[in-house]
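Under the working numbering, the first residue of the sequence shown is numbered 185, with each subsequent residue one higher. Quick reminder that beta carbons are idealized off the backbone N, C-alpha and C, glycines included. All values derive from a computational prediction rather than experimental measurement.
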Amino acid sequence: MDSKIQYQYSPDNLIKSEPNKYDLDNLKSDELVINLGPQHPSTHGVLRLEVLTDNEIIKEVIPHLGYLHRCFEKHAESLPYNQIIPYVDRMDYVAAMNSEHAYAMGVERMLGIEDQIPKRVEYIRVLVAELNRLASHFVAIGTYAMDIGAFTPFFWMMRDREHIQRLLEWASGARMLYNYIWVGGLFYDLPVGFEDRCTEFINYLKPKLKELETVVTDNKIFIDRTANVGVLQLGLAINYGITGPMLRASGLKFDLRKVDGYSVYPELDFDIPIGEGKMGTVGDCWDRTYVRVLEVHESVKIIEQCLEKLKKVHKRDKEFDPQALVPKKIRPKAQDLYVRAENPKGELGFFFRADGKSDIPFRCKARSCCFVNLSVINELAKGGMIADLVAILGSIDIVLGEVDR
């Protein structure tokens, strides 16, 4: 009978499978280890935080990863370049268009066709990527407000995000994981009437954003809960490799859409918001939310400019084929290449190694902004209160699909 037993219980099983940094033997008097997670609601994905506390004060936070593996890099080593895009979608699943854009640019650069992409394709790419940036920031702001106890902004954000999801589903056929931006072009041109429907949505959204600022960033309870909490000094942010709204909230105007000037972003007019410490200290939780709210306004400006170009300069044409430059077989020359783009959460990068013989990459490594940004949580939380830890974690804006990739 013993040979048929598949699982033998042992009291040490949990400790062996999820080892803590701290155990009972090396805890001091009044120290306590608390596990936050790995249940989903408190941690923006399936994450476990091992928290060492002295009464209410946090002494150390150790993130434990690996509960939501996507196995992206191993999948990429066994698939042709064009078939990897659906797996790219599944890393940061709330900003899939932005991730696709970065990946497609990388493969196009390896093939030497990045300057040949038609302008209409480029403007459509930026349009859908900025719509997805709006949707990503809506999730970030809405769930963050709910983390702190405000339900109404979450419902408002999900309502407005739903309009974007329907627009992107109309364009691509998929609700969240789009496979729309292809190497060399697009899956399909925008549906007839898309530009007008998108303009209607932007006109609807603008007054809603003013309501959002009143209820969230200008709300006294929200300010008291986030100002001077989880302050990220600029020097520390740079040393940790922090990017995106987290870095800009610490006071540095660094946005790859301006710095690298990829796609048609150099032709568009938009600003780079930074944290100013209006309600507390530069780089605190409030500033990080404030920067995301301001970036929503900038994305709206970019979308309006793209729509103008798509309706007037690069108009719909019966002869236009968004797949004209899509290669049948992708076989780049032997090379190493790193390409990066400004995703809603920071710098998403792809490192490619091609051997020149195969249409399957020898190596395709993703540089996850969520993974890097999460690494600073111990510095932000150390010395703070337990009650502030969820507020600090929520302000980082992570998606565990990309952290564990």
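Residue i in three-state terms, based on DSSP
i	result
I456	coil
P247	strand
N197	helix
V335	The question names Val, but residue 335 is Phe in the sequence shown. Three-state DSSP puts F335 in coil, outside helix and strand.
T237	strand
D520	strand
A538	strand
I348	helix
E451	helix
R232	strand
I189	coil
A622	Past the boundaries of the shown model lies residue 622; the chain is included only from 185 to 589, so the question cannot be answered.
I242	strand
L370	strand
Proximity below 8 Å, CB of residue i to CB of residue j
i	j	result
Y364	K493	no
I325	R476	yes
L558	I576	no
P511	L295	yes
R515	S552	no
D276	G585	yes
F543	Y265	Residue 543 is actually Asp in this sequence, not Phe. Taking 8 Å as the Cβ cut-off, D543 and Y265 qualify as a contacting pair.
K437	I458	yes
F385	L351	yes
V466	G425	no
D439	I456	yes
Burial state of residue i, where buried means 16 or more other Cβ atoms lie within 10 Å
i	result
V181	As shown, the chain starts at 185 and ends at 589. That puts residue 181 outside it, with no answer to give.
K529	buried
N282	buried
S201	exposed
V376	exposed
D238	exposed
F339	exposed
A508	exposed
Q497	According to the sequence as given, residue 497 is Val; it is not Gln. Exposed.
Y449	buried
I301	buried
T336	exposed
V480	buried
M185	Low confidence applies to M185: its pLDDT is 49, below 50, so where it sits in the model is not reliable, and the reading given next is rough at best. So M185 counts as exposed.
Q192	exposed
Unbroken beta strand (DSSP E) run spanning residue i, endpoints
i	result
C255	Element bounds for C255: n/a, residue is neither H nor E.
N266	N266 -> no beta strand (DSSP E), and no H or E assigned at all.
E215	215-220
Unbroken alpha helix (DSSP H) run spanning residue i, endpoints
i	result
N282	280-295
R432	429-433
N204	No alpha helix (DSSP H) contains N204, which DSSP labels as neither H nor E.
L494	469-496
L440	440-443
I619	Because the chain is modelled from 185 through 589, residue 619 falls outside the range shown and cannot be assessed.
Problem set entry | Every unbroken alpha helix (DSSP H) within the region 540-587, with a cutoff of 4 residues, ordered by chain | Within the region 540-587, the complete alpha helix (DSSP H) runs of at least 4 residues are 553-558, 561-565, 570-580.
For this session: Kindly provide the ranges of any alpha helix (DSSP H) runs that are 4 or more residues long and lie completely inside the region 395-432, ordered along the chain.
Result: Runs found: 404-410, 418-424.
Exercise. Whole alpha helix (DSSP H) runs in the region 296-333 with 4 or more residues, listed along the chain?
Worked result: Along the region 296-333, the alpha helix (DSSP H) occurs as fully enclosed runs of 4 or more residues at 303-332, listed in sequence order.
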